[in-house]
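For the record, in the sequence shown the residue sitting at position 75 is 74 according to numbering that gives the first Met the number 0, with numbers rising by one throughout.
Glycine residues also receive a C-beta, built at the ideal position from the N, C-alpha and C atoms.
The block underneath contains the structure these notes are about, expressed in structure tokens.
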Amino acid sequence: MTLASTMTAQLINGTALSQQIRAEVGTRAAALSARGVTPGLAVILVGEDPASAVYVRNKVKACQEHGLHSVFEKYDATMSEADLLARIRALNADPAIHGILVQMPLPKHIDSTKVIETIATAKDVDGYSVQSAGDLMAGLPGFRPCTPYGCMKLIESTGVPLKGKHAVVIGRSNTVGKPMALLLLQANATVTVCHSATVDIGHHTRQADVVVVAVGRRNTLRADMVKPGAIVIDVGMNRNDEGKLCGDVDTAGVRDIAGWITPVPGGVGPMTITMLLVNTIESAERVARAQA
Ligand code: NAP
């Protein structure tokens with residue numbers, strides 16, 4: 000038996016970290032409400048996609064449980080783009096609303112870029128707009144996309160400083176991979192981004208102190224691709240042959256090599272909603288500061 004195969008990674012418990020951060024959210028929400036600013040999130044769902052309905056329900060429930068005011072608006076899949084944009088403009092102007100989230104994907108006849116760009120930057124708590132992405136790239140304050148923001152909190156919770164570490168991100172979507180790479184760079188890691196055209200991903204990940212996998216394909220990261228002791232963050236959400244939720248990492252193999260690993264479920268998933276609450280609180284706090 001090799002030394003590496005005797006190691007067992009510590010699980011990074013996203014559920015526990017999430018509970019801790021949500022408790023802080025509750026305290027901040029109560030303090031804001033006492034000052035007359037109840038933090039409010041508007042969630043819009045267009046159409047009947049069952050997975051989207053579950054995500055939206057969980058977001059609304061999380062708001063209700065932690066002292067945020069939430070407005071849930073559900074529309075038929077036939078809603079026109081013009082009507083949706085008009086609704087967003089009304090929410091932009093509503094002082095009771097500090098964050099606006101339009102659940103993706105939208106029906107094909109609606110231009111999602113136009114929708115995202117119509118949300119006021121000050122209420123873009125998903126951090127998906129071009130302005131928010133530019134703020135992140137320039138290192139300016141702004142809302143960070145919730146999933147990579149949550150991944151950063153999970154990495155921070157290990158206590159391992161990122162400065163000078165080599166981080167590899169697999170996946171380059173605008174919502175996860177790219178902002179993840181920028182956040183790691185901002186934390187002074189040396190960052191490599193891999194994607195579907197990368198030749199020999201293992202060559203890169205074997206040198207990595209931190210690997211974040213956001214691909215959407217089971218077993219993208221296997222034990223022979225991981226440096227002993229590395230931090231492994233598994234963003235993927237897939238179904239295995241038994242229909243059970245699983246990530247992009249071969250957890251059973253990788254946990255014998257890595258130092259830390261996030262489970263699926265119970266890792267990145269709960270943190271995504273938690274960071275949405277944090278962004279909404281921060282938005283409301285900005286308003287309260289401006290009123291003071
Ligand atoms: P996406 O938009 O489909 O992007 C996937 C990325 O993976 C792309 O950049 C793609 O490369 C890359 N890729 C595809 N096949 C690859 C391969 N064989 N090797 C290396 N890279 C490959 O997906 P996403 O929205 O970023 O989400 C990724 C995963 O995370 C999905 O499973 C999603 O469900 C999950 N997710 C989870 C949460 C959560 O809260 N837990 C939140 C968001 C997403 P190209 O750019 O070259 O095509």
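### Task
Could you tell me whether the Cβ of M270 comes closer than 8 Å to any Cβ of chain D?
Any reference to chain D falls outside this structure, which holds one protein chain only.
### Query
Is there at least one non-hydrogen atom of the ligand NAP closer than 7 Å to the beta-carbon of A213?
The residue you call residue 213 lines up with position 214 of the sequence shown. Distances from the CB of A213 to the heavy atoms of the ligand NAP include at least one below 7 Å.
### Task
State the start and end residues of the unbroken alpha helix (DSSP H) segment that holds Y127.
Locating residue 127 in the sequence shown gives position 128, counting from the first residue. Counting along the chain, Y127 falls outside any alpha helix (DSSP H), and DSSP gives it neither H nor E.
### Task
Ignore the nearest five residues each way along the sequence and tell me which others in A291's own chain have a CB closer than 7 Å to its CB.
Position 292 of the sequence shown holds residue 291. Result list for A291: empty, nothing under 7 Å.
### Message
So, at 7 Å on beta carbons, what are the nonlocal neighbours of K73 in its own chain, with the 5 sequence-adjacent residues on each side left out?
### Response
Residue mapping note: residue 73 aligns to position 74 of the sequence shown, counting from 1. Residues L44 of the same chain have their beta carbon placed closer than 7 Å to that of K73, with the five preceding and five following residues left out of the count.
### Query
Is the closest heavy atom of the ligand NAP to the C-beta of S111 under 7 Å?
Within the sequence shown, numbered from 1, the residue matching residue 111 stands at position 112. Because no heavy atom of the ligand NAP lies under 7 Å away, the Cβ of S111 does not count as near it: no.
### Message
Could you tell me which whole alpha helix (DSSP H) segments of length 4 or greater appear in the segment 157-210?
### Response
Counting only runs that start and end inside the segment 157-210, the alpha helix (DSSP H) elements of at least 4 residues fall at 176-185 and 200-204.
### Query
Closest by CA to P269, which one among V248, K152, I87 and Q130?
Residue numbering aside, residue 269 sits at position 270 when the sequence shown is read from its first letter. For the residues V248, K152, I87 and Q130, the minimum Cα distance to P269 belongs to K152.
### Query
Got a sec, what are the start and stop residues for the beta strand (DSSP E) S69 sits in?
Position 70 of the sequence shown holds residue 69. It spans H68 to Y74 - the beta strand (DSSP E) in which S69 sits, taken as one unbroken run.
### Message
Is L169 a contact residue of the ligand NAP, with contact defined as CB to any heavy atom under 7 Å?
### Response
The residue given as residue 169 occupies position 170 in the sequence shown. Sequence inspection shows Ile at residue 169; the Leu mentioned does not correspond to that position. Yes; taking the cut-off as 7 Å, the Cβ of I169 has a heavy atom of the ligand NAP nearer than that.
### Query
Rounded to a whole number of angstroms, what is the C-alpha to C-alpha distance between A28 and H203?
Against the sequence shown, residue 28 aligns to sequence position 29. Against the sequence shown, residue 203 aligns to sequence position 204. Using only the alpha carbons, I get a separation of about 43 Å.
### Message
Checking the sheet assignment: what are the DSSP bridge partners for A41?
### Response
Indexing the sequence shown from 1 puts residue 41 at position 42. Looking at the DSSP assignment, A41 forms a beta bridge with V70 and I99.
### Query
What span of residues does the alpha helix (DSSP H) with A82 cover, start to end?
What you label residue 82 is simply residue 83 of the sequence shown in a count that begins at 1. For clarity, residue 82 is Asp in the given sequence; the question names Ala instead. Taken as a continuous stretch (DSSP letters only), the alpha helix (DSSP H) holding D82 covers E80 to N91.
### Message
Taking 8 Å as the cut-off, does the segment 269-283 touch the segment 237-244 (at least 3 CB pairs, one atom from each stretch)?
### Response
no
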